[in-house]
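*Asks:*
Protein chains in written order, with this note's numbering: chain E, 1 to 586; chain G, 1001 to 1241.
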């Protein structure tokens, strides 16, 4: 392509920042996002000179680069303060004083944006709400989470201490969580001594077909939210004739209320590496991508260090442990877009494009990233893999219920005494999980629970006996989603929570398809009208319109975002009878 | 070449391997409404007007965008059900209420695909109040103009510029309802150094968002079939009359 450029000449500093990631590699446009991150990390925004230089080096048309930068919340084309504090004002933080924190920051630092702070959707730190992530640009950029956050606490980077993770995992033991806070996540030998890599050893021994046989026998279902049988996915990719094959670990955990994948990556990163490696061997893939959300700085560092150590120890790279097999992992950092957790949007993001979902079919197992057969699994799903190989598929299938096998992680937060990640065998009820977390804070009455995240559903306190299994939630017209249990006590302003959920989908819609792009705006606006009482027509007309918009989004949108954008709102209207009468006041 | 046999609206039709439902239907005289689709350009399945109901084994149907879904053996498709008509109507209403569409003063009045779609889908009023966003008009290009008030984000201009002209002057910036089509780094169109002033984006535009500067109300007639003429001539060496 004959490209024309018009930007200002890049300075030596701008060139150095970009060259730092591109080095002398040939111009692969999939390096666009890493190159933009390099500029953002160095200057606090993507400067015109840096953007122009990136376009030239990667042969990307300026309009396309502009489209990509403006798609992601963590990238900016406008000058920004070098240090930016991203303050979560999403559901879990909202009920723990996020608005008070924002008010205080506005008073002390100045208005949002220029004051060096801004609001953010869920940062995945719900068990320690309210939360903030500080990102500092410069020659030595840094990023760290502060939770619980306060106006004072955000000034200093907290010390890293892996034993502090015990706070996030209140119950000891478990099959998936046993190392967290107890085994040093930076130590490969610690991982090996605590039973690590036994799964991969066995996988090498029995070969790809038998590994897939074990995963199928385990009846493992994907833990990312869609609950697709993992064995079937693996088999489809392994069988695909086009080459090469890719494995992607979807660590773009952005569903409000979800933090289990972050805890796994921060606390037990080698388990994620091992799970991915087994998936690579089983599906005939030699290259894996770990796509990790940009708001998870500690998980990013821990995963990068684990990959480095695994490579040095011969557990990644060429000829794994003398087996003749090869597999390696490249980390890709997201840049602030919930939609990139949708697998086809994630492919586009890795390829350096706007993170817009693709129409399916073709499915990822036929044409995924770079148009090649691709296996995409969630972090928690992959962490189950070493366990399955250690126990054997059939033994694993005996854990839990017959249709929902294995251990399951739940992210319990909101108004509970001990928020955190809880591991149970499938079959525990909603009430048992809430009791495990110490019950409702201060002994108050439970008003509602949001199950499965913003894309999930609200259930009332009459549903505590619901078994949290795929079949149990389906029977109750609910969903497990990503394992979110967000509890609200009877003092919660649920109308405010609903508005936040609607705003979330409006802000995160990619804008590609009409029902979601416009529908999410209309939904948010209708809820505002219902709350303020400034109705157009009568209540019945407004509610009918809200339901219609929900229906067209659910049925006609391209991807899961639009299809689930009305789910929580609708369930609040029906299960909680939210607008049916006056809110009970305590 | 393998051929599939399928059923569209109670009619048995055949489709060549690789053909979409939309292509198979139109070859058999069955028309499906479309807006982001344009002959000669790739398909994105974004407007969702071409949704059809495809029967699912075991009962029920699923919705699929006809422009991007391959026709397959033994598919049973309905293109004009109550449910589809309802959704199409809503989508047109949502589009009208999203920006500032005022047909009576528009350059494309009577030559507008959005307007025609509203008529064909029986949209006689819009049940949503208008969002009335503030939108810019870019008249910096010597020959063409861009009015964001009339843009429906179909991305035909982006695809025409990239796929047919090869300039990639256009792209979409931002996301969600704040998305806008932009030239280069969001510079004024007239300052764009990649634009060849070929006018293919203007030909492709379904509404009055892109227009010739000299045109006034109802005067902008887009030459939308010109793109498929060019593409067929270039790729298939077929020159349509």
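Don't be surprised by glycine CBs; every beta carbon is placed ideally from N, CA and C.
Could you check the C-alpha separation between residue 250/E and residue 71/E for me, to the nearest Å?
*Replies:* 19 Å
*Asks:* Just to check my reading of the structure: residue 269/E and residue 240/E have Cβ atoms closer than 8 Å, yes? What is that Cβ distance to the nearest angstrom?
*Replies:* The pair is not a contact, with the Cβ atoms about 29 Å apart (cut-off 8 Å).
*Asks:* Buried or exposed, going by whether 16 or more other CB atoms sit within 10 Å of the CB of residue 1171/G?
*Replies:* buried
*Asks:* Would you say residue 971/G reaches chain E, if we count a Cβ-Cβ gap shorter than 8 Å as a contact?
*Replies:* The first residue shown for chain G is 1001 and the last is 1241, placing residue 971/G beyond what the model contains.
*Asks:* My parser needs the beta strand (DSSP E) runs of 3 or more residues fully inside the stretch 1176 to 1240 of chain G; what are they?
*Replies:* 1180 to 1183 and 1210 to 1212
*Asks:* Among all the DSSP beta bridges, which residues are the ones paired with residue 132/E?
*Replies:* 87/E and 146/E
*Asks:* Near residue 542/E, which residues of its chain fall below 8 Å by C-beta distance, leaving aside the five closest residues on each side in sequence?
*Replies:* The answer, listed in chain order, is 526, 529, 530, 535 and 536.
*Asks:* Please name the residue or residues paired with residue 215/E in a DSSP beta bridge.
*Replies:* According to DSSP, residue 215/E bridges with nothing at all.
*Asks:* Return the chain-ordered list of same chain residues with a C-beta closer than 7 Å to the C-beta of residue 1188/G, the five sequence neighbours on each side being excluded.
*Replies:* 1138 and 1140
*Asks:* Output, in sequence order along the chain, the residues in the stretch 1046 to 1058 of chain G whose CB is closer than 7 Å to any CB in chain E.
*Replies:* Answer in chain order: 1046, 1047, 1048 and 1051.
*Asks:* Straight-line CA distance for residue 313/E to residue 187/E?
*Replies:* 11 Å
*Asks:* Rounding to the nearest angstrom, what Cα-Cα distance links residue 438/E and residue 422/E in this structure?
*Replies:* 12 Å
*Asks:* Please check if any C-beta of chain E sits within less than 8 Å of the C-beta of residue 1122/G.
*Replies:* Output row for residue 1122/G: interface = no.
*Asks:* What first and last residue would you give for the alpha helix (DSSP H) that runs through residue 508/E?
*Replies:* 494 to 508
*Asks:* Are the beta-carbon atoms of residue 374/E and residue 237/E separated by less than 8 Å?
*Replies:* Yes, they are a contact pair.
*Asks:* Against residue 1182/G, what residues of chain E qualify as contacts under a CB-to-CB distance less than 9 Å, listed in chain order?
*Replies:* 63, 66, 67 and 70
*Asks:* Could you pull out every residue in the same chain whose Cβ sits closer than 7 Å to the Cβ of residue 429/E, ignoring the five residues on either side in sequence?
*Replies:* The residues are 464, 465, 466, 467 and 468.
*Asks:* Between 204/E, 519/E and 470/E, which lies nearest to residue 219/E when the distance is taken from Cα to Cα?
*Replies:* 470/E
*Asks:* I need the DSSP call for residue 307/E, collapsed to helix, strand or coil.
*Replies:* helix
*Asks:* Going by DSSP in three states, residue 1019/G sits in which element: helix, strand or coil?
*Replies:* coil
*Asks:* Say whether chain G places a C-beta atom closer than 8 Å to the C-beta of residue 1/E.
*Replies:* Residue confidence is low: residue 1/E scores 44 on pLDDT, short of 50, so the model does not pin down where it sits. No coordinate-derived value is stated.
*Asks:* If we call anything under 8 Å between Cβ atoms a contact, is residue 1036/G one with residue 1135/G?
*Replies:* The Cβ atoms of residue 1036/G and residue 1135/G do not sit closer than 8 Å to each other.
*Asks:* Tell me, to the nearest whole angstrom, how far the beta carbon of residue 244/E is from that of residue 286/E; I am working on the premise that it is less than 8 Å.
*Replies:* 7 Å
*Asks:* Where in the stretch 48 to 94 of chain E do unbroken runs of the alpha helix (DSSP H), each at least 4 residues long, occur, reported from the N-terminal end onward?
*Replies:* With a minimum length of 4 residues, the continuous alpha helix (DSSP H) runs that stay inside the stretch 48 to 94 of chain E are 48 to 58, 62 to 71 and 91 to 94.
*Asks:* Taking buried to mean at least 16 other C-beta atoms within 10 Å of its own C-beta, is residue 1240/G buried or exposed?
*Replies:* exposed
*Asks:* According to the Cβ coordinates, are residue 561/E and residue 505/E closer than 8 Å?
*Replies:* yes
*Asks:* I need the DSSP call for residue 491/E, collapsed to helix, strand or coil.
*Replies:* coil
*Asks:* Go ahead and label residue 158/E buried or exposed: buried means 16 or more other beta carbons lie within 10 angstroms of its beta carbon, across all protein chains shown.
*Replies:* exposed
*Asks:* To be precise: take each residue of the stretch 33 to 61 of chain E, compare its Cβ to all Cβ atoms of chain G, and keep it if any distance is under 8 Å. Which residues remain?
*Replies:* Of all residues in the stretch 33 to 61 of chain E, 48, 51 and 61 have a Cβ within less than 8 Å of some Cβ in chain G.
*Asks:* With a threshold of 8 Å on Cβ separation, who are the neighbours of residue 1048/G within its own chain once the five nearest residues in sequence on each side are excluded?
*Replies:* 1065, 1087 and 1091
*Asks:* Report yes if the CB atom of residue 425/E is closer than 8 Å to the CB atom of residue 334/E, and no otherwise.
*Replies:* no
*Asks:* If you draw a straight line from the alpha carbon of residue 501/E to that of residue 1157/G, how long is it in whole angstroms?
*Replies:* Roughly 34 Å between the two C-alpha positions.
*Asks:* Could you tell me the alpha carbon to alpha carbon distance between residue 100/E and residue 84/E, rounded to whole angstroms?
*Replies:* 18 Å
*Asks:* As an exercise, report each continuous alpha helix (DSSP H) stretch of at least 4 residues that is fully enclosed by the stretch 332 to 398 of chain E, in chain order.
*Replies:* 343 to 350, 379 to 391 and 393 to 397
*Asks:* Taking C-beta to C-beta, are residue 315/E and residue 197/E nearer than 8 Å?
*Replies:* yes
*Asks:* Evaluate contact between the stretch 50 to 58 of chain E and the stretch 408 to 415 of chain E, counting only Cβ atoms and requiring at least three cross-stretch pairs below 8 Å.
*Replies:* no
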